[in-house]
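Numbering (mature numbering (1 follows the signal peptide of the UniProt record, and there is no 0)), first residue to last: -31 to -1, 1 to 110.
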Amino acid sequence: MKNKIFQINWPIILFIFQIFLSANPLWNSSAKPDTPNAQRPCLPNFDGRLCEKCAPGFKNISAGCLDCDCNPIGSTSGDCNFTTGQCHCKSSFGDIKCDKCANGYYKSKETNGEVCDESNGQCYCKLGFTGRGCDKYKTKN
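This is the structure in structure tokens:
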């Protein structure tokens, strides 16, 4: 006698798969494309023909495509790597959100500077500070 425990019941598996697809927000849409290869209408933050990836400016599809949250001053765009979340930084900025100065450029908050100048590394200093790294107190003349 055959052991029926390990037999695969394909109709049940296909039925479960159809339920998964209809419940999955990436593929579920009331509007259906006219042709099999047509672009499906995606939920916000999703992109791709089958809504299988995050739209530009969003990351981490498994978490529902979260905003990249790139620093607008330090990044070249609001876009980031859809898997790692690494923003595309200007050469003088670094870190995942482009919110810190890159190596060779002066830090901003720790040295009382606001923003690094991409062309020369000079920090724009807060009132009362001076120097390339905003590390000197400005004396009154």
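Glycine included, C-beta positions come from ideal geometry on N, C-alpha and C.
**Prompt:** What is the DSSP secondary structure of S44, reduced to helix, strand or coil?
**Reply:** Indexing the sequence shown from 1 puts residue 44 at position 75. It is a strand residue.
Query raised in the report: If we call anything under 8 Å between Cβ atoms a contact, is F62 one with K22?
Result: For the purposes of this step, residue 62 is identified with residue 93 of the sequence shown, where counting begins at 1. For the purposes of this step, residue 22 is identified with residue 53 of the sequence shown, where counting begins at 1. For F62 and K22, no; Cβs fall outside 8 Å.
Worksheet item: Which word fits G43, buried or exposed, when buried means at least 16 other C-beta atoms lie within 10 angstroms of its C-beta?
Response: Stepping through the sequence shown from its first residue, residue 43 is reached at position 74. G43 comes out buried.
Is it true that the CB of C49 sits closer than 8 Å to the CB of C34?
-> On the sequence shown, position 65 is the one that residue 34 refers to. On the sequence shown, position 80 is the one that residue 49 refers to. No.
*asked:* Rounded to the nearest angstrom, what separates D64 and A71 at their Cα positions?
replied: Walking along the sequence shown from the start, residue 64 turns up at place 95. Walking along the sequence shown from the start, residue 71 turns up at place 102. One C-alpha to the other measures close to 8 Å.
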